[in-house]
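Enquirer: Dropping the structure in here first, questions after.
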Amino acid sequence: MTEDYVPPKVWTWEQPSGGQFANINRPIAGATHEKALPVGKHPLQLYSLATPNGVKVTILLEELLEAGFQAEYDAWLIDIGKGDQFGSGFVAVNPNSKIPALMDHGTTPPQRVFESASIMLYLAEKFGGAFIPKDARQRTEMFSWLFWQMGSAPFVGGGFGHFYAYAPIKIEYAINRYAMETKRQLDVLDRHLAQNAWMAGDYSLADMAIWAWYGNLVLGRAYNAAEFLDVASYTHVVAWAQKIDARPATVRGRMVNRSWGAPQEQLPERHSANDFRKA
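In my numbering, the protein residues as written are 1 to 279.
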């Protein structure tokens, strides 16, 4: 890993890439071992981890319950550090081996759903279009922001987060490149939220999805980078993030499938509302 590296004509996988997640990175798909997934008593079975992509879905599920929908679910921990996502059962639900993944056993045959935004849309539509604006213009705006998040966040997580926090060496060019893009995205949000209370009309899927990444970033929970990125300067994003952070469903959703941090913030598995009282 030197600055004078010259790529070969054909790349081959010869050694671990290094960094915090080197043990689970590989250039091929498919299962590495046989492991069936557990199935609980509810129709909705979530297999996830409390990363930003996982938290999007658990916040939505808790918001649906808060709103009175029959959206009870079991949430099972998928420890990506141990390679649970490469078990045969998980790969059958998500061939891409990424969390979150959902099985809906309330359909015949059971329906698998993977990719976080796809899961959010599936759940929202299952419950009558909840958290999707009814107005056609606002609905279109919401979809635009939801897919903006899906397309933009890899620059924050896989780009900035990787090179700033997880890479085995600090590469100035890479950190500068992705810090610039992360700050540009925060500015996009800040300008929009200066004129809008929420991302599209009322509180919606777009707010939940964007908050999971950018809200946690400006609240100082991601990569220990709040000072480095001067997140406090994005005042409208911070105010919006604080509003969402205070919602009861957000508080609960952040806990689900979390196995690190303060004990009172952890709920590795969730099978009923009573589980929060035990945490």
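Note that CB positions come from ideal geometry on N, CA and C, so glycine has one too.
Out of TYR47, PRO43, ARG26, ILE28, point me to the one whose CA is closest to ALA36's CA.
Expert: TYR47
Enquirer: Any contact of the region 201-221 with the region 231-246, i.e. 3+ C-beta pairs under 8 angstroms?
Expert: yes
Enquirer: Cα separation between PHE368 and ALA75?
Expert: Nothing can be reported for residue 368: it is not among the residues displayed for the chain, which extend from 1 to 279.
Enquirer: Is VAL256 helix, strand or coil by DSSP?
Expert: strand
Enquirer: DSSP three-state label for HIS192, please.
Expert: helix
Enquirer: Have a look at GLN70, LEU123, MET142 and flag the residue whose alpha-carbon is nearest the alpha-carbon of GLY201.
Expert: Closest option to GLY201, Cα to Cα, is MET142.
Enquirer: Could you work out which residue in ALA194, ARG177, GLY261, GLY158 is closest to ALA241 when comparing CA atoms only?
Expert: ALA194
Enquirer: Whose C-beta lies closer than 6 angstroms to the C-beta of GLU62 among residues of the same chain, with five residues either side of it excluded?
Expert: ALA249, ARG252, GLY253
Enquirer: What does a CB cutoff of less than 6 angstroms around GLY40 pick up in its chain, not counting 5 residues either side in sequence?
Expert: ASP74, HIS271
Enquirer: At 4 residues or longer, and completely inside the region 202-254: list those alpha helix (DSSP H) runs for me, N to C.
Expert: You should have 205-210, 226-229, 235-245.
Enquirer: Buried or exposed: THR140, going by 16 or more other Cβ atoms within 10 Å of its Cβ?
Expert: Exposed: under 16 other Cβ atoms inside 10 Å.
Enquirer: Who are the Cβ neighbours of ALA239 in its own chain at under 8 angstroms, not counting the five residues just before and after it?
Expert: LEU193
Enquirer: Exposed or buried, ALA50, counting other C-beta atoms within 10 Å across all chains shown (16 or more means buried)?
Expert: With 16 or more other Cβ atoms from the protein chains shown falling within 10 Å of its own Cβ, ALA50 counts as buried.
Enquirer: Can you find at least 3 beta carbon pairs, one from the region 121-138 and one from the region 147-166, that sit closer than 8 angstroms?
Expert: Cβ pair count under 8 angstroms is below three, so no.
Enquirer: Is it right to say PHE228 is buried, meaning 16 or more other beta carbons lie within 10 angstroms of its own, or is it exposed?
Expert: When all chains shown are included, PHE228 counts as exposed.
Enquirer: Below 6 angstroms CB to CB, which residues in the same chain sit around GLY161 once its five sequence neighbours on both sides are set aside?
Expert: TYR223, listed in sequence order.
Enquirer: When you compare only the Cα positions, how much space is there between VAL6 and ILE169?
Expert: 18 angstroms
Enquirer: Looking at the unbroken alpha helix (DSSP H) that takes in MET120, where does it start and where does it end?
Expert: MET120 -> alpha helix (DSSP H) spans 116-126.
Enquirer: What residue range does the beta strand (DSSP E) around LEU102 cover?
Expert: 101-104
Enquirer: One question on the structure: do SER88 and ILE132 come within less than 8 angstroms of each other, judged by their Cβ atoms?
Expert: By the CB criterion at 8 angstroms, SER88 and ILE132 fall outside the cutoff.
Enquirer: Tell me the rounded alpha-carbon separation between MET103 and PRO8.
Expert: 42 angstroms
Enquirer: Counting C-beta neighbours from all protein chains within 10 Å, is the total for ASP84 16 or more, i.e. buried, or is it exposed?
Expert: buried
Enquirer: Counting only runs of 3+ residues fully inside the region 60-104, write out the beta strand (DSSP E) ranges in chain order.
Expert: 73-77, 101-104
Enquirer: Would you check if the distance between the CB atom of PHE69 and the CB atom of ILE78 is smaller than 8 angstroms?
Expert: no
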